[in-house]
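Undergrad:
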Amino acid sequence: MSFSLDPELAAVFAASAGDTPPEPLAPGDWKTWRDSVAAVYPALTSGLDRPDVGHQVFSAATRDGAQIDLHWFTPSGVAGPTAAVVHAHGGGLVAGEVAHFAPFIAQYVAAAGVPFLSVEYRLAPEVAGSTLADDVYTGLTWLIEHAHELGVDAARIAVMGESAGATLAATTAIRARQDGVVLARQILVYPMLDNSDTPLDPHLHAFSADLYTLKNTAWQLVLGDAHTDDAPATIVPARLEDHTGLPPAYLEVGELDAFRDETVAYAQRLWSAGVSAELHVLPGLSHGWDHFAPGISVHAPVHARRVALLKSL
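As numbered in the working numbering, residues 339 to 651 make up the sequence shown, in order.
1. Is T412 helix, strand or coil when you go by DSSP?
2. Helix, strand or coil: how does DSSP classify G612 here?
3. Taking A421 as the reference, give the member of A471, D390, L521 and R598 with the closest Cα.
4. So who's on the other strand from H393, going by DSSP bridges?
5. When burial is assigned at 16 or more other CB atoms within 10 Å of the CB, is P575 buried or exposed?
6. Can you give me the start and stop residues for the alpha helix (DSSP H) that R494 sits inside?
7. With distances taken Cα to Cα, identify the nearest neighbour of G430 among A569, A564, H393 and A556.
8. Run the CB neighbour count on E579, radius 10 Å, all protein chains shown included, and call it buried at 16 or more, exposed below.
9. Roughly how many whole angstroms lie between the Cα atoms of A493 and T358?
10. Express the C-alpha separation of I525 and A320 in angstroms, rounding to a whole number.
11. Going by beta-carbon coordinates alone, are A471 and T509 separated by less than 8 Å?
12. Grouping DSSP H, G and I as helix and E and B as strand, with all else coil, what is S635?
13. Could you tell me the distance, in whole angstroms, from the CA atom of M530 to the CA atom of Y550?
14. Kindly identify the DSSP beta-bridge partner or partners of F454.
15. Does the beta-carbon distance from S456 to V436 come in below 8 Å?
16. Tell me whether G434 sits in a helix, a strand or coil according to DSSP, three-state version.
17. Helix, strand or coil: how does DSSP classify H618 here?
18. Only counting the same chain, and skipping five residues up and downstream in sequence, which positions put a Cβ closer than 6 Å to that of M498?
19. So, under 8 Å CB-CB, N554 and P365 are touching, yes? Tell me the CB distance rounded to an integer number of Å.
20. Comparing alpha-carbon positions, which option in G477, A611 and E616 lies nearest F738?
21. Do the region 394-412 and the region 346-355 make contact, defined as three or more Cβ pairs closer than 8 Å?
22. Kindly indicate if chain D contains any beta-carbon less than 8 Å away from that of R513.
23. Out of G451, R388 and E458, which one is the CA nearest neighbour of R644?
24. With 16 as the cutoff for other CB atoms within 10 Å, does H543 come out buried or exposed?
25. Tell me the rounded alpha-carbon separation between G626 and D491.
26. Can you tell me which residues form a DSSP beta bridge with A398?
27. How big is the Cα-Cα spacing for A440 and A603?
28. Measure the beta-carbon distance from P453 to P413 and round it to whole angstroms, keeping in mind my assumption that it falls under 8 Å.
29. What residue from G392, A615, G622 and T370 has the CA that sits closest to P585's CA?
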């Protein structure tokens, strides 16, 4: 039996498609993707419940001397010291901002009772190389330095991201291991981990062709001439050779996602290194399904599993 979208997800996509299907994303066209994310996410989140969580914005100096914003979301009525999550949003390394994802973050914070520090990392092509990963790592080191005053147990910090944000969560975990920083967990939701130009599985073209194009465009912008199998693992997690000592992982991806195979491969490498990895491949679901269709039946149990994981930190 061939792949097919979850019927409820297919209905959501059909209702939002309009009469004229969008043009396929052209290779190299990061600007259209960025504009699309900026337009779509406010509409996606307009009807979401918005729990009452605290929100402060701090500033931190980066490795190259810039200043970035760190958004601190806190639950109400929770006494410290607590666990905490350093979060990186999605957007293909070229798009998105914390504000687009804040409603989803607030739901995690309220449901799990765990604060999130979401990093406003800089985007390609305005920056490239290790800068995006450096920015998120800055968020981690800043949180550790300020853990006491924020009521955080520095031994219970996890990293989390969706899509390209999961790329940066994974690189942060790799950097932390190098620096002797022990993390409680890495939570990688449909992560973009591999810069190789392996052709997209033909069975996935109908569901993930634009995502595959974006992935190749993004890596080219970030890596430039280093867009090879020799790219550093602190930028491209799939290039890591030794996974020993990485934090336990939670990985989740739809079976119709262009990032499915690289997610499964990363879990296998973690297992081979003796690292605990919880892997979920979700039937009938494509990339970003939970943001596009939070009302479908499968969302509640998946979201509950993520919340339970956060509570366990």
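Beta carbons: idealized from backbone N, C-alpha and C, even for Gly.
TA: Quick answer:
1. In the three-state scheme derived from DSSP, where H, G and I count as helix and E and B as strand, T412 is classed as strand.
2. DSSP places G612 in coil when its eight states are reduced to three.
3. For the options A471, D390, L521 and R598, the alpha carbon positioned closest to that of A421 is the one of L521.
4. According to DSSP, which records beta bridges pairwise, H393 is partnered with F411.
5. Under the 10 Å beta carbon count, P575 is surrounded by 16 or more other beta carbons and is classified as buried.
6. Element bounds for R494: not the alpha helix (DSSP H) but the beta strand (DSSP E), V490 to E500.
7. Comparing Cα-Cα distances from G430 to each of A569, A564, H393 and A556, the minimum goes to A556.
8. Exposed, because fewer than 16 other Cβ atoms sit within 10 Å of the Cβ of E579.
9. Going by the C-alpha atoms only, they are around 51 Å apart.
10. Any property of residue 320 remains undetermined from this structure, which presents the chain solely from 339 to 651.
11. Their beta carbons are under 8 Å apart, which means A471 touches T509 by this criterion.
12. Here S635 sits in coil by DSSP.
13. Distance between M530 and Y550, taken at the CA atoms: about 10 Å.
14. Bridge partners of F454: F411 and V423.
15. In contact: S456 and V436 (Cβ atoms closer than 8 Å).
16. Here G434 sits in coil by DSSP.
17. Here H618 sits in strand by DSSP.
18. Counting only residues of its own chain and dropping the five nearest sequence neighbours on each side, M498 has a CB closer than 6 Å to the CB of V423, H425, A507 and I525.
19. 7 Å between Cβ atoms; contact.
20. Any answer about residue 738 is impossible in this case: the structure gives the chain only from 339 up to 651.
21. Not touching, per the Cβ criterion.
22. In the structure shown, chain D cannot be found, because there is only a single protein chain.
23. R644 has its Cα closest to that of G451, out of G451, R388 and E458.
24. Per the 10 Å Cβ criterion, exposed.
25. Approximately 31 Å, taken between the alpha carbons.
26. According to DSSP, A398 bridges with I406.
27. Going by the C-alpha atoms only, they are around 30 Å apart.
28. At roughly 7 Å, the Cβ-Cβ gap stays under 8 Å, so P453 and P413 are in contact.
29. Ranking G392, A615, G622 and T370 by CA distance to the CA of P585 puts A615 first.
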